[in-house]
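Notes follow the structure.
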Amino acid sequence: MANDEASKVISIIKDMRIAMVTTHSAGRLASRPLTLIEATDEGELWFFSAADAGIVKEIRAQGLVNAAFSGSKAWMSVSGHAEVVLDVAKKKELWNAAVETFASEGPESAQTVLLRIDADSAEYWENPGGAASLMAGWVKQKLTGKPAEPGDSNSVEL
C-alpha cells in the first residue's frame with residue numbers, strides 16, 4: 001500500500017475507533033459494531049471477538065466483509081477478506097485494558113479470537129467542516145442554486 005491514496009485511507013481509519021462490520025449470514029447481510037484495535041499500513045484491520053460469536057462463524061463460512069466507519073468529519077467503507085486468527089502471540093501483542101473489559105479470560109484463552117480484515121478496496125468521504133458544513137452547503141445550494149461542495153471523496157483499490 002505505497003500510494004498516497006492508500007496511505008490516506010489508513011490515516012483516516014486510524015482516527016476512527018468503531019466499525020460496523022458486515023458479513024454474510026444465512027443468505028442475508030448482518031452488521032455488528034466492533035472496536036478497531038489496529039489498522040496497519042499494509043491495510044490490515046484488527047479486531048477482537050468472542051470465539052462463539054455469530055460473526056466468527058460467518059467469517060469462517062464466507063470471509064467477504066465490509067467495515068464501515070463514521071466520524072464527525074469523515075466516513076469510510078472498506079471491503080475485504082476476513083480471517084479468524086487464533087495466534088496467542090498476536091493476541092498478546094494487541095491486548096489492551098479496553099479489550100479486557102469484555103474478554104476477561106485474557107489473550108491466552110481460546111474463547112478470545114482476533115479478526116483480521118485484509119482490505120481490498122475503500123471508499124471515503126471527507127468534509128473538514130463536518131456535518132454543520134454539509135448542512136450549510138445544502139442550504140446554500142437551495143438558496144443560490146450553486147452546487148454544494150461537500151468535501152473530498154474517492155474510491156481506492158488497495
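FYI, the UniProt record's numbering numbers position 33 of the sequence shown as 33, with every residue one higher than the one before it.
C-beta atoms are modelled at their ideal positions from N, C-alpha and C, and glycine is treated no differently.
Legend entry - Three-state secondary structure (DSSP) of residue 38: strand
Inset, instruction - For my contact list, residue 119 and residue 143 are in at a C-beta cut-off of 8 Å; report their separation, rounded to the angstrom. - result: With 8 Å as the limit, residue 119 and residue 143 do not qualify as a contact, their Cβ atoms being about 40 Å apart.
Legend entry - Simplified DSSP state of residue 60, which is helix, strand or coil: helix
Legend entry - Per DSSP, cross-strand counterpart(s) of residue 110: In the DSSP output, where bridge partners are listed per residue, residue 110 has none listed.
Legend entry - Under the three-state DSSP convention, the category residue 100 falls into: helix
Inset, instruction - Spell out the partners DSSP gives residue 125 in its beta bridges. - result: 75, 153
Legend entry - Helix, strand or coil at residue 44 [DSSP, three-state]: strand
Inset, instruction - Within 10 angstroms of the Cβ of residue 145, are there 16 or more other Cβ atoms? Answer buried if so, exposed if not. - result: exposed
Inset, instruction - Taking the CB atoms as reference points, tell me whether residue 155 and residue 121 lie closer together than 8 Å. - result: yes
Legend entry - DSSP-derived helix/strand/coil call for residue 4: helix
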